[in-house]
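Presented below is the structure to which this report refers.
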Amino acid sequence: ETGVTQSPTHLIKTRGQQVTLRCSSQSGHNTVSWYQQALGQGPQFIFQYYREEENGRGNFPPRFSGLQFPNYSSELNVNALELDDSALYLCASSLFPGTSGGAFWGDQETQYFGPGTRLLVL
Amino acid sequence: AQSVTQLGSHVSVSEGALVLLRCNYSSSVPPYLFWYVQYPNQGLQLLLKYTTGATLVKGINGFEAEFKKSETSFHLTKPSAHMSDAAEYFCAVRDSGYSTLTFGKGTMLLVSP
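Protein chains in written order, with our numbering: chain X, 356 to 477; chain B, 806 to 918.
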């Protein structure tokens, strides 16, 4: 069983540029969540993808966008980078057991995190 | 809205001493609670979780936590600290009807010889 992997490990960009971060989910998982962890802070939820669609979003502007692919891997894209975007970006995968009349997250859903991508914006 | 408060940004203990990291949460529905550990320059590793059932939860590396609904707490303990326990610890809450995690700001555990 392979764990969650992320690429690249480190990245340096300049203000105004665009960046794409990648995440491969753990084998058997179908959901990917992205978090931003600023220095000295806890991770903050950006958004989640399930079945290739956004399934919840935190308090982040539209220049943060994502994709999920049929193999459940995911990308996080950030446009018009700002200095405050400098952070560790964490991807977490989990298994959503299914729906029954509406979304329901049971106790099977535990998020497993990758090692992160450290982004520095100059 | 959910929230998590971790008391103490830094906790220092001696090797062999009791470790106690505090976590209080607020949630409008029965919560699922998690503790994650983060070693320097690494991602988050799940230590333990509470979903339903027994309120005393045992995790990896000798850690355990107790869910106390009346106190809205989920404190993490370990009877005897080891040097390798030095890391940052994050408490997180997830409402049972939702899938996103809300994290505390973290507590850095320092272990001295």
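Note that beta-carbon positions come from the ideal geometry of N, C-alpha and C, so glycine has one too.
Length of the line joining the Cα atoms of residue i and residue j
| i | j | result |
| --- | --- | --- |
| LYS874(B) | ALA806(B) | 17 Å |
| SER878(B) | PHE872(B) | 6 Å |
| VAL916(B) | PRO417(X) | 42 Å |
| LEU853(B) | LEU477(X) | 37 Å |
| ASN426(X) | SER362(X) | 16 Å |
| SER441(X) | LEU376(X) | 13 Å |
| SER885(B) | ASN410(X) | 41 Å |
| VAL824(B) | GLY371(X) | 45 Å |
| TYR837(B) | GLY864(B) | 15 Å |
| ALA892(B) | TYR405(X) | 32 Å |
| SER831(B) | GLN811(B) | 12 Å |
| VAL842(B) | GLN373(X) | 31 Å |
| PHE925(B) | THR882(B) | Beyond the ends of chain B as shown, which are 806 and 918, falls residue 925(B); an answer cannot be given. |
| LEU366(X) | PHE419(X) | 17 Å |
| HIS384(X) | ASN829(B) | 30 Å |
| THR856(B) | ARG473(X) | 31 Å |
Exposure of residue i, with buried meaning 16 or more beta-carbon neighbours within 10 Å
| i | result |
| --- | --- |
| PRO398(X) | buried |
| SER379(X) | buried |
| TYR844(B) | exposed |
| GLU876(B) | exposed |
| HIS880(B) | buried |
| THR860(B) | exposed |
| ALA393(X) | exposed |
| GLN391(X) | buried |
| THR905(B) | buried |
| GLY457(X) | With a pLDDT of only 45 at GLY457(X), under the threshold of 50, the placement of this residue in the model should not be trusted; the figure read from the coordinates follows. With fewer than 16 other Cβ atoms within 10 Å, it is exposed. |
Cβ separation of residue i and residue j, assumed to be a contact under 8 Å, to the nearest whole Å
| i | j | result |
| --- | --- | --- |
| PHE468(X) | VAL359(X) | 6 Å |
| LEU445(X) | LEU851(B) | No, LEU445(X) and LEU851(B) are not in contact; Cβ-Cβ is about 13 Å, not under 8 Å. |
| GLY813(B) | THR912(B) | 6 Å |
| LYS368(X) | LEU443(X) | Actually they do not touch by this definition, with Cβ atoms about 14 Å apart. |
| GLN396(X) | LYS910(B) | 6 Å |
| SER429(X) | LEU422(X) | 6 Å |
For residue i, the first and last residue of its enclosing beta strand (DSSP E)
| i | result |
| --- | --- |
| VAL842(B) | 836 to 843 |
| ILE401(X) | 399 to 405 |
| MET904(B) | Here the sequence assigns Ser to residue 904(B), which means Met is not the residue at that position. SER904(B) -> no beta strand (DSSP E), and no H or E assigned at all. |
| THR810(B) | 808 to 810 |
| HIS880(B) | 878 to 883 |
| THR472(X) | 472 to 476 |
| GLN392(X) | 386 to 392 |
| VAL824(B) | 824 to 826 |
| ALA435(X) | That residue, ALA435(X), is in no beta strand (DSSP E); it is neither H nor E in DSSP. |
| ILE865(B) | Neither: ILE865(B) is in no beta strand (DSSP E) and is coded neither H nor E. |
| GLY411(X) | 408 to 412 |
| LEU852(B) | 849 to 855 |
(request) Compile a chain-ordered list of the residues in the region 376 to 397 of chain X whose CB is closer than 9 Å to at least one CB of chain B. (result) The region 376 to 397 of chain X vs chain B, Cβ under 9 Å: THR386, SER388, TYR390, GLN392, GLY395, GLN396, GLY397.
(request) Below 8 Å between beta carbons is the criterion; list the residues of the region 847 to 864 of chain B that meet it against any residue of chain X, in chain order. (result) Contact annotation: in the region 847 to 864 of chain B, residues whose CB is within less than 8 Å of a CB in chain X are GLN847, GLY848, LEU849, GLN850, LEU851, LYS854, THR856, THR857.
(request) Using a Cβ-Cβ cut-off of less than 9 Å, list which residues of the region 413 to 437 of chain X approach chain B; keep chain order. (result) For the region 413 to 437 of chain X, residues whose beta-carbon sits nearer than 9 Å to a beta-carbon of chain B comprise GLY413.
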